Amino acid sequence: MKLAFPEPNIRLTEINDVPITQATDTLKALSYVKLAGEVVDVSGNLITNYNGTLSTTIYDKFIDRQTLANDGTQLNGETIILDFETLGKIIFRGQASVKDGQFEFDFVVPKDIGIPIGFGKVSFYSNNEALSQDKAGASINTVKIGGSNENAEEDNIGPVITLYMNNENFVSGGITNESPRLLAKMEDANGINTASGIGHDIVAIIDGDETNPVVLNDYYQTEVDDYKKGVVSFPFRDLEPGLHTLTLKAWDVYNNSSISEIQFIVFDEDQELVINNVLNYPNPFVNYTEFWFNHNSSEPLDISIQIFTVSGKLIRTINGG
């Protein structure tokens, strides 16, 4: 029997501390914006025991498009061309905590939005940390986007970018498998640009091959409750064995750019397991130390560490996975 949980819904309640029942601010380029809302039941009552994480995607205004008429379909002797709309560019993708059914989050609108004012789309999705089946979602098409903030603060500094492969213990020049995962941690005082303005994408280049850039906008996610920090997590597939250099370029919402680079050595998965750069820190130690090493496996490992005296006597065996 299915348990009788309340069917939740998400409601936007305020923009910049102004209730949406009143005239609210337009989301202008380079303006600071704060949105607030709540999770309610089917009767519109706040669900006060709802705690979880809200994922938000905000789109720029809808784009009018036409079919290409490349299939040659005709009506009364004329080629049929159909009009349709598509979602605008993603101007913000972030996460926020939901506490006692309420949430709020903030961000800076990218410079690259379309300047004409019109209605964008706000998409909410939330899950209850205590009840995995108690999820909620909503789409809102009444938020105005456009124009430019004439009083925006000056910002001429690009984002800070730190690159890793597979995990944050990775050191440039280390070993990976043939399908490593890129982790690009980014931080900027005004946030990272994902609005896909011309030339302003988050882009990775492998081995200087600029004819085949990897666009990573859709893989960027802000940290929970902090629009200034985020991470790109992108899985590469079937890379050639050998040394590779990855260069990543990203832009903040003011269109300041930064570049970061990392090198890694791909080992053939058919080769035997390779372990290198084994070390422990602190060393010497009294009560505590950590062991570190690189390996070329794409699978989790069961490990066993044996510690010997200088004379060869085994004094400790540590097993872990």
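Just so we're aligned, residue 314 is where the sequence shown starts under this note's numbering, counting upward by one. Ideal placement from N, C-alpha and C gives every residue a C-beta, glycine not left out. All values reported here derive from a predicted model rather than from experimental measurement.
If you draw a straight line from the alpha carbon of residue i to that of residue j, how long is it in whole angstroms?
{"i": "residue 482", "j": "residue 617", "result": "19 Å"}
{"i": "residue 535", "j": "residue 393", "result": "43 Å"}
{"i": "residue 619", "j": "residue 629", "result": "6 Å"}
{"i": "residue 522", "j": "residue 476", "result": "18 Å"}
{"i": "residue 590", "j": "residue 470", "result": "35 Å"}
{"i": "residue 478", "j": "residue 406", "result": "23 Å"}
{"i": "residue 401", "j": "residue 374", "result": "5 Å"}
{"i": "residue 348", "j": "residue 442", "result": "22 Å"}
{"i": "residue 497", "j": "residue 532", "result": "10 Å"}
{"i": "residue 552", "j": "residue 370", "result": "32 Å"}
{"i": "residue 489", "j": "residue 555", "result": "10 Å"}
{"i": "residue 359", "j": "residue 500", "result": "34 Å"}
{"i": "residue 332", "j": "residue 338", "result": "10 Å"}
{"i": "residue 366", "j": "residue 540", "result": "14 Å"}
{"i": "residue 487", "j": "residue 495", "result": "13 Å"}
{"i": "residue 593", "j": "residue 520", "result": "32 Å"}
{"i": "residue 504", "j": "residue 615", "result": "39 Å"}
{"i": "residue 317", "j": "residue 632", "result": "Model confidence at residue 317 stands at a pLDDT of 47, short of 50, so the residue's coordinates are unreliable; what they give is reported in the following sentence. Distance between the alpha carbons of residue 317 and residue 632 is about 45 Å."}
{"i": "residue 336", "j": "residue 346", "result": "15 Å"}
{"i": "residue 480", "j": "residue 586", "result": "18 Å"}
{"i": "residue 319", "j": "residue 362", "result": "The predicted position of residue 319 is uncertain, since its pLDDT is 48 and thus under 50; a value taken from the coordinates is nonetheless stated next. Distance between the alpha carbons of residue 319 and residue 362: 11 Å."}
{"i": "residue 579", "j": "residue 625", "result": "35 Å"}
{"i": "residue 355", "j": "residue 545", "result": "36 Å"}
{"i": "residue 569", "j": "residue 467", "result": "11 Å"}
{"i": "residue 577", "j": "residue 600", "result": "34 Å"}
{"i": "residue 547", "j": "residue 330", "result": "36 Å"}
{"i": "residue 613", "j": "residue 450", "result": "35 Å"}
{"i": "residue 518", "j": "residue 509", "result": "17 Å"}
{"i": "residue 334", "j": "residue 410", "result": "24 Å"}
{"i": "residue 581", "j": "residue 550", "result": "13 Å"}
Using the beta-carbon count (16 or more within 10 Å), is residue i buried or exposed?
{"i": "residue 485", "result": "exposed"}
{"i": "residue 448", "result": "exposed"}
{"i": "residue 621", "result": "exposed"}
{"i": "residue 386", "result": "exposed"}
{"i": "residue 507", "result": "buried"}
{"i": "residue 379", "result": "exposed"}
{"i": "residue 493", "result": "buried"}
{"i": "residue 434", "result": "buried"}
{"i": "residue 418", "result": "buried"}
{"i": "residue 382", "result": "exposed"}
{"i": "residue 511", "result": "exposed"}
{"i": "residue 525", "result": "exposed"}
{"i": "residue 314", "result": "Residue confidence for residue 314 is low, a pLDDT of 48 falling below 50, so the modelled location carries little weight; the figure read from the coordinates is stated next. Exposed, by the Cβ-count rule."}
{"i": "residue 357", "result": "exposed"}
Per DSSP, residue i forms a beta bridge with which residues?
{"i": "residue 345", "result": "421"}
{"i": "residue 410", "result": "366"}
{"i": "residue 516", "result": "528, 562"}
{"i": "residue 500", "result": "473, 542"}
{"i": "residue 537", "result": "408"}
{"i": "residue 325", "result": "350"}
{"i": "residue 594", "result": "603"}
{"i": "residue 332", "result": "327"}
{"i": "residue 434", "result": "372"}
Do residue i and residue j have their C-beta atoms within less than 9 Å of each other?
{"i": "residue 364", "j": "residue 412", "result": "yes"}
{"i": "residue 398", "j": "residue 377", "result": "yes"}
{"i": "residue 368", "j": "residue 438", "result": "yes"}
{"i": "residue 606", "j": "residue 588", "result": "yes"}
{"i": "residue 566", "j": "residue 473", "result": "no"}
{"i": "residue 458", "j": "residue 436", "result": "no"}
{"i": "residue 602", "j": "residue 609", "result": "no"}
{"i": "residue 428", "j": "residue 460", "result": "yes"}
{"i": "residue 342", "j": "residue 396", "result": "no"}
{"i": "residue 414", "j": "residue 456", "result": "no"}
{"i": "residue 528", "j": "residue 538", "result": "no"}
{"i": "residue 403", "j": "residue 530", "result": "yes"}
| query | Does the stretch 555-563 come close enough to the stretch 572-589 that 3 or more CB-CB pairs lie under 8 Å? | reply | Here the stretch 572-589 lies against the stretch 555-563, with 3 or more beta-carbon pairs under 8 Å apart.
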